[in-house]
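To keep things clear, I will list the structure first and then write my remarks on it.
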Amino acid sequence: MATLSMLPPVPRPPHDPTQITLDPVRGWRASLLESTLVSPRDGALMLDLTAGARALDEPSGSFGGLVPPSWVTVSECGDIWLLDRDTGTLAKFDDCDCRFVRIPHTGGIGTGARQFHDPRALVASCGNLVVVDTGHARLSVFSQRGYALREHVEPPASAQAQPWQPVCIAADSHGHLYVGDPANGAVHRFSARGVWQQVMPGLGAVTHLAVDRHDRLYVLSGGASDVRVFAHGGAELEPAVSRMMIERRFAPLPFRVDANGAIDFSHHHDRCCEAFDAHGALLPDGAPVAKVVYAAAGRYRSAPIDSDIAQCPWHRIALTAAIPPGCGVTVLTRTSELAEPDDLVAALPDGAWDTWQVARRAPNTSGDCVEWDCLVRSPRGRFLWLELRLHGDGKASPRVRCVTLETPRIPLSRWLPGVFQQDADAGDFTDRFLALFDSTLRSIESRLDTQASLFDPRSSPASSPRADAPDFLSWLGTWVGIALNRSWPEARRREYLRRAPALFDQRGTVAGLRAMLLLYLGLPDDSSSIRHGACTDLADCAGDGCHGSCQHGAAVSRCEPRCDPCAPPPPKRVHRAPALLLEHWRLRRWLFVGGSRLGEDAALWGNAIVSRSRLDDGAQTNVTRLIGTQDPFRDPFHVYASTFTVFVPANLACDTAARRGLEALLREESPAHARWHLEFVHPRFRIGVQSMIGYDSVVGRYPEPNVTVNQTTLGRSTVLGGPVGDSATPPLRVGISARIGSTTTLQ
Numbered sequence: 112m113a114t115l116s117m118l119p120p121v122p123r124p125p126h127d128p129t130q131i132t133l134d135p136v137r138g139w140r141a142s143l144l145e146s147t148l149v150s151p152r153d154g155a156l157m158l159d160l161t162a163g164a165r166a167l168d169e170p171s172g173s174f175g176g177l178v179p180p181s182w183v184t185v186s187e188c189g190d191i192w193l194l195d196r197d198t199g200t201l202a203k204f205d206d207c208d209c210r211f212v213r214i215p216h217t218g219g220i221g222t223g224a225r226q227f228h229d230p231r232a233l234v235a236s237c238g239n240l241v242v243v244d245t246g247h248a249r250l251s252v253f254s255q256r257g258y259a260l261r262e263h264v265e266p267p268a269s270a271q272a273q274p275w276q277p278v279c280i281a282a283d284s285h286g287h288l289y290v291g292d293p294a295n296g297a298v299h300r301f302s303a304r305g306v307w308q309q310v311m312p313g314l315g316a317v318t319h320l321a322v323d324r325h326d327r328l329y330v331l332s333g334g335a336s337d338v339r340v341f342a343h344g345g346a347e348l349e350p351a352v353s354r355m356m357i358e359r360r361f362a363p364l365p366f367r368v369d370a371n372g373a374i375d376f377s378h379h380h381d382r383c384c385e386a387f388d389a390h391g392a393l394l395p396d397g398a399p400v401a402k403v404v405y406a407a408a409g410r411y412r413s414a415p416i417d418s419d420i421a422q423c424p425w426h427r428i429a430l431t432a433a434i435p436p437g438c439g440v441t442v443l444t445r446t447s448e449l450a451e452p453d454d455l456v457a458a459l460p461d462g463a464w465d466t467w468q469v470a471r472r473a474p475n476t477s478g479d480c481v482e483w484d485c486l487v488r489s490p491r492g493r494f495l496w497l498e499l500r501l502h503g504d505g506k507a508s509p510r511v512r513c514v515t516l517e518t519p520r521i522p523l524s525r526w527l528p529g530v531f532q533q534d535a536d537a538g539d540f541t542d543r544f545l546a547l548f549d550s551t552l553r554s555i556e557s558r559l560d561t562q563a564s565l566f567d568p569r570s571s572p573a574s575s576p577r578a579d580a581p582d583f584l585s586w587l588g589t590w591v592g593i594a595l596n597r598s599w600p601e602a603r604r605r606e607y608l609r610r611a612p613a614l615f616d617q618r619g620t621v622a623g624l625r626a627m628l629l630l631y632l633g634l635p636d637d638s639s640s641i642r643h644g645a646c647t648d649l650a651d652c653a654g655d656g657c658h659g660s661c662q663h664g665a666a667v668s669r670c671e672p673r674c675d676p677c678a679p680p681p682p683k684r685v686h687r688a689p690a691l692l693l694e695h696w697r698l699r700r701w702l703f704v705g706g707s708r709l710g711e712d713a714a715l716w717g718n719a720i721v722s723r724s725r726l727d728d729g730a731q732t733n734v735t736r737l738i739g740t741q742d743p744f745r746d747p748f749h750v751y752a753s754t755f756t757v758f759v760p761a762n763l764a765c766d767t768a769a770r771r772g773l774e775a776l777l778r779e780e781s782p783a784h785a786r787w788h789l790e791f792v793h794p795r796f797r798i799g800v801q802s803m804i805g806y807d808s809v810v811g812r813y814p815e816p817n818v819t820v821n822q823t824t825l826g827r828s829t830v831l832g833g834p835v836g837d838s839a840t841p842p843l844r845v846g847i848s849a850r851i852g853s854t855t856t857l858q
């Protein structure tokens with residue numbers, strides 16, 4: 112018999128309503144978009160354009176201003192060239208004089224090698240300037256520096272069903288040239304050196320080409336409503352139907368291109384604010400700007416949104432939108448217990464919809480970011496339909512970025528006496544009245560529910576709104592007596608505050624200071640090593656007459672029956688953190704009468720050990736010191752007592768903030784009576800100078816010779832090269848050429 116503790120919990124609504132979000136990331140679930148579109152820029156809902164929208168099939172070939180006109184090109188270095196198609200001349204833009212300067216002895220109408228006949232387009236690519244010479248049926252390739260004619264390019268005869276007719280050109284980031292050929296209904300591809308590679312047939316009368324920053328090819332053919340798009344490998348992609356759809360794929364231009372192909376530098380250039388026509392002539396009145404006109408009204412309707420709750424009381428709708436002056440968004444809702452078909456919902460009159468609340472910008476605000484909400488006035492129902500009616504003045508459009516629906520409604524009246532819920536109409540009014548305070552109260556509750564994140568070093572805010580005010584993470588450190596240095600990186604401060612309190616019981620000891628240093632440097636300590644087990648009983652491995660064997664995993668070992676003997680696991684490498692600290696008393700090697708032995712480590716000491724000054728007895732300027740403490744017999748102990756050296760990687764010496772943080776850490780964590788010295792360790796090993804294993808020396812591979820004549824100063828860090836290849840005396844270089852009997856001679 113089941114007890115009460117084993118029974119499932121009684122179903123009840125959550126303490127807070129759940130949220131259903133409609134946005135560009137999660138999708139809009141749209142069933143109707145009338146005079147409304149989803150912006151290709153940010154995915155927001157906005158009114159459609161009725162006039163002033165740039166078309167992809169503009170005669171200039173700029174694809175709505177996304178690329179330069181076919182007679183203008185921009186190089187990788189930012190140089191701008193212009194081709195006057197009437198005179199066949201080339202001109203380059205001069206930044207200083209703000210004008211196009213004609214290139215001499217290049218171009219012009221004629222039959223010469225450097226002349227053109229009916230030139231149509233040009234492109235700059237890989238140091239070349241390629242001109243499409245339609246009249247001569249060729250591509251003329253000039254160098255960008257000096258304008259030397261390098262070659263004339265055309266496809267092979269096998270790739271031409273009809274004599275080819277080049278009219279447009281584009282280049283990708285690899286230097287490949289794409290040339291439109293309407294006579295054959297194809298696009299030819301050439302390499303960066305002008306070698307023909309392939310042909311893309313079946314494209315119709317190609318008029319303009321463009322390549323975006325991802326090397327996608329856009330082909331515009333005469334009479335086609337859409338622009339065909341091809342990947343770099345040649346696969347055809349979804350066609351482009353509007354400028355807004357592909358706007359973000361192209362890099363910004365150094366000028367604005369109007370619908371007629373005029374280029375305007377007024378908003379893109381520091382020194383030049385002029386506009387130029389297709390011949391490079393100055394436009395005194397500037398390039399005209401097309402006036403954008405939006406639709407006056409538009410509608411968005413969602414598909415049925417399922418709450419998964421029968422007779423669900425829908426609570427609230429919140430909008431995040433940009434609502435300029437003269438614009439607004441009307442919110443309508445409808446609920447039902449059944450998921451009604453779209454055609455039935457579309458035929459409903461306005462009287463079948465509820466809520467009818469209008470979102471507008473607050474007075475004296477720009478309306479760039481409006482946070483607005485309203486209660487759902489529809490009756491209970493499992494499914495909800497949301498309709499947004501966008502309206503504007505034609506000059507601007509509202510942009511709805513996010514819609515949040517909350518369900519079910521959990522009214523605050525549940526905490527009131529039951530008498531307030533006896534009457535249905537009065538209870539509904541009470542719920543709606545208390546809902547006015549619901550958002551404020553729930554925001555406070557949400558802050559209380561998530562306040563634990565403020566007290567966790569991994570999630571506590573690490574930035575401060577004011578430079579003179581401490582951040583919350585530093586203030587949290589004062590709770591446990593830790594003063595975090597603001598110059599430390601944020602990740603280091605968080606990890607230090609999280610683990611440092613566990614080391615307080617070791618404060619003032621060598622182990623505690625070393626652990627603090629390892630924590631600051633981001634080095635793993637010795638406790639992070641992984642233990643590996645081993646099988647000790649062959650009976651655990653045996654089975655069906657087999658002796659068994661062990662399989663040792665990453666953390667533990669397990670045994671499986673096999674016919675091999677159970678061998679011990681191979682030894683594992685255990686990481687040992689560097690010592691970092693060296694107490695100077697460990698360096699004492701003095702001889703004491705009756706207590707020491709002569710040897711290599713023994714050393715005599717005298718009065719000079721602490722540089723005591725004795726007049727007329729070896730006193731030296733800048734060497735000896737005046738010491739008032741009369742205790743010369745214990746001088747060898749005083750020299751090394753309460754003194755230690757900290758060895759850290761040399762890269763900290765180059766980082767001023769890291770070095771200051773390390774020095775501050777040593778001042779805070781070192782005992783008050785102790786003196787510390789900071790030693791930056793470079794990756795080398797020098798006998799007698801830098802040879803304390805585990806402290807200041809690093810043993811690595813043999814360094815390569817790094818001496819350059821007249822540039823390198825010989826010293827500790829330079830390595831002279833030895834014999835190379837076959838020589839009379841093969842060198843012995845550990846790790847490089849030390850092979851006994853092959854490359855090494857032992858003598």
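Numbering (this note's numbering), first residue to last: 112 to 858.
Note that the Cβ used here is the ideal one computed from N, Cα and C, for glycine as well.
>> Let me check understanding here. Comparing Cα to Cα, which of 345, 212, 530 lies closest to residue 193?
In response: Locating residue 193 in the sequence shown gives position 82, counting from the first residue. Residue 212 is the option with its Cα nearest to residue 193.
> Under the rule that 16 or more other beta-carbon atoms within 10 Å means buried, what is residue 433, buried or exposed?
Replying inline: Counting from one through the sequence shown, the residue named residue 433 turns up at place 322. A buried status is given to residue 433, since no fewer than 16 other beta-carbon atoms sit within 10 Å of its beta-carbon.
> Are residue 584 and residue 614 closer than 8 Å when you measure CB to CB?
Replying inline: The residue you call residue 584 lines up with position 473 of the sequence shown. The residue you call residue 614 lines up with position 503 of the sequence shown. Cβ distance not < 8 Å, so residue 584 and residue 614 don't count as in contact.
> Apart from the five residues just before and just after residue 787, which ones in its own chain have a Cβ nearer than 8 Å to its Cβ?
Replying inline: Numbered from its first residue, the sequence shown carries residue 787 at position 676. Around residue 787: 754, 755, 756, 757, 777, 781.
>> Relative to the C-alpha of residue 312, which candidate in 320, 291, 760 has its C-alpha closest?
In response: Working through the sequence shown from its first residue, we reach residue 312 at position 201. Ranked by Cα distance from residue 312, the first of 320, 291, 760 is 291.
>> Going by beta-carbon coordinates alone, are residue 496 and residue 456 separated by less than 8 Å?
In response: Start at 1 with the first residue of the sequence shown, and residue 496 comes out as number 385. Start at 1 with the first residue of the sequence shown, and residue 456 comes out as number 345. Closer than 8 Å, so yes.
> Just curious, the beta strand (DSSP E) that residue 411 is in, first and last residue?
Replying inline: Within the sequence shown, numbered from 1, the residue matching residue 411 stands at position 300. Run containing residue 411: 408 to 413, per the beta strand (DSSP E) assignment.
>> Between which two residues does the beta strand (DSSP E) holding residue 329 run?
In response: As a working note, residue 329 is residue 218 in the sequence shown. That run of the beta strand (DSSP E) goes 328 to 332.
> residue 823 by DSSP, collapsed to three states: which one?
Replying inline: Residue numbering aside, residue 823 sits at position 712 when the sequence shown is read from its first letter. Of the three classes helix, strand and coil, the one that applies to residue 823 here is coil, per DSSP.
>> If distances are taken between C-alpha atoms only, which option among 140, 364, 509 comes closest to residue 437?
In response: Start at 1 with the first residue of the sequence shown, and residue 437 comes out as number 326. Residue 437 has its Cα closest to that of 509, out of 140, 364, 509.
>> Quick check on the burial criterion: 16 or more other C-beta atoms within 10 angstroms. Buried or exposed for residue 467?
In response: For the purposes of this step, residue 467 is taken as residue 356 along the sequence shown, with counting starting at 1. By the 10 Å Cβ count, residue 467 comes out exposed.
> What number of angstroms, rounded off, separates the C-alpha of residue 267 from the C-alpha of residue 378?
Replying inline: As a first step, residue 267 is located in the sequence shown; it is residue number 156 there, counting from the start. As a first step, residue 378 is located in the sequence shown; it is residue number 267 there, counting from the start. Near 45 Å, if we compare the C-alpha coordinates of residue 378 and residue 267.
> Which residue comes first and which comes last in the alpha helix (DSSP H) that contains residue 606?
Replying inline: Position 495 of the sequence shown, counted from the start, is the residue given in the question as residue 606. Here the alpha helix (DSSP H) through residue 606 covers 601 to 610.
> Can we say the stretch 506 to 520 touches the stretch 126 to 139, given the rule of at least three CB pairs closer than 8 Å?
Replying inline: Taking a cut-off of 8 Å for Cβ pairs, the stretch 506 to 520 and the stretch 126 to 139 touch, as three or more such pairs fall below it.
> In or out: residue 662 buried (at least 16 other Cβ within 10 Å) or exposed?
Replying inline: Taking the sequence shown and counting its residues from 1, the one referred to as residue 662 is at position 551. No answer about residue 662 holds up, because its pLDDT of 43 lies below 50 and its placement is not dependable.
>> Taking 8 Å as the limit between beta carbons, can you name the residues of its chain near residue 837, skipping five residues before and five after?
In response: Counted from its first residue, the sequence shown places residue 837 at position 726. Only weak support is given to the placement of residue 837: the predicted model assigns it a pLDDT of 47, under 50, and the value that follows is read from those uncertain coordinates. Cβ within range, chain order: n/a, list empty.
>> Using the three-state DSSP reduction, which class does residue 541 fall into: helix, strand or coil?
In response: Taking the first residue of the sequence shown as 1, we reach residue 541 at position 430. In the structure shown, residue 541 sits in a helix (DSSP, three-state: H, G or I).
>> Assuming contact is defined by CB atoms lying nearer than 8 Å, are residue 598 and residue 771 in contact in what I supplied?
In response: Translated into the one-based positions of the sequence shown, residue 598 becomes position 487. Translated into the one-based positions of the sequence shown, residue 771 becomes position 660. Their beta carbons are under 8 Å apart, which means residue 598 touches residue 771 by this criterion.
> Which same chain residues, not among the five before or five after residue 504, have their C-beta less than 6 Å away from its C-beta?
Replying inline: Counting from 1 along the sequence shown, the entry for residue 504 is found at position 393. Cβ within range, chain order: 437.
> According to the neighbour-count rule (16 or more other Cβ atoms, all chains shown, within 10 Å of its Cβ), is residue 526 buried or exposed?
Replying inline: Within the sequence shown, the letter at position 415 stands for residue 526. The residue in question, residue 526, is exposed, as its Cβ has fewer than 16 Cβ neighbours within 10 Å.
>> How far does the alpha helix (DSSP H) with residue 425 in it extend, from its first residue to its last?
In response: Here residue 425 is taken as the residue at index 314 of the sequence shown, counted from 1. Unbroken run through residue 425: none, as it is neither H nor E.
> Does the stretch 362 to 371 come close enough to the stretch 183 to 201 that 3 or more CB-CB pairs lie under 8 Å?
Replying inline: Per the Cβ contact rule, the stretch 183 to 201 is in contact with the stretch 362 to 371 (3 or more Cβ pairs under 8 Å).
> Who does residue 485 pair with in a DSSP beta bridge?
Replying inline: Here the question's residue 485 lines up with position 374 in the sequence shown. BP columns for residue 485 point to 428.
> If you draw a straight line from the C-alpha of residue 325 to the C-alpha of residue 305, how long is it?
Replying inline: Here residue 325 corresponds to residue number 214 of the sequence shown, with the count starting at 1. Here residue 305 corresponds to residue number 194 of the sequence shown, with the count starting at 1. For residue 325 and residue 305, the distance between alpha carbons rounds to 22 Å.
> residue 515 bridges to which residues according to DSSP?
Replying inline: The count along the sequence shown starts at 1 and reaches residue 515 at position 404. For residue 515, which the question treats as bridged, DSSP gives the partners 132, 429.
>> Please classify residue 280 as buried or exposed, where buried requires at least 16 neighbouring CB atoms within 10 angstroms.
In response: Position 169 of the sequence shown, counted from the start, is the residue given in the question as residue 280. Looking at its Cβ environment, which holds 16 or more other Cβ atoms inside 10 Å, residue 280 is buried.
> Alpha carbon to alpha carbon, how far is residue 233 from residue 477?
Replying inline: Within the sequence shown, the letter at position 122 stands for residue 233. Within the sequence shown, the letter at position 366 stands for residue 477. The alpha-carbon atoms of residue 233 and residue 477 are separated by roughly 45 Å.
>> To the nearest angstrom, how far is the alpha carbon of residue 555 from that of residue 549?
In response: Here the question's residue 555 lines up with position 444 in the sequence shown. Here the question's residue 549 lines up with position 438 in the sequence shown. In this structure, the straight-line span from the alpha carbon of residue 555 to that of residue 549 is close to 10 Å.
> Residue range of the beta strand (DSSP E) that residue 306 falls in?
Replying inline: For this step, residue 306 is matched to residue 195 along the sequence shown. Residue 306 -> no beta strand (DSSP E), and no H or E assigned at all.
> Quick one, are the C-beta atoms of residue 241 and residue 231 less than 8 Å apart?
Replying inline: As a position in the sequence shown, residue 241 is number 130, starting the count at 1. As a position in the sequence shown, residue 231 is number 120, starting the count at 1. Residue 231 sits away from residue 241, with the two beta carbons spaced by 8 Å or more.
>> Would you call the stretch 343 to 358 in contact with the stretch 198 to 218, where contact means no fewer than 3 C-beta pairs closer than 8 Å?
In response: no
> Are residue 447 and residue 518 touching if we call contact CB-CB under 8 Å?
Replying inline: The sequence position of residue 447 within the sequence shown is 336, counting from 1. The sequence position of residue 518 within the sequence shown is 407, counting from 1. Between residue 447 and residue 518, the gap from beta carbon to beta carbon reaches 8 Å or more.
> Cβ of residue 202 within 8 Å of Cβ of residue 214?
Replying inline: Your numbering for residue 202 matches position 91 in the sequence shown. Your numbering for residue 214 matches position 103 in the sequence shown. Yes, these two residues count as a Cβ contact at 8 Å.
> Under a three-way DSSP split, which group does residue 253 fall into?
Replying inline: In the sequence shown, counting from the first residue as 1, residue 253 sits at position 142. The answer is strand: DSSP assigns residue 253 an E or B state.
>> Could you tell me the alpha carbon to alpha carbon distance between residue 592 and residue 551, rounded to whole angstroms?
In response: Walking along the sequence shown from the start, residue 592 turns up at place 481. Walking along the sequence shown from the start, residue 551 turns up at place 440. Approximately 36 Å, taken between the alpha carbons.
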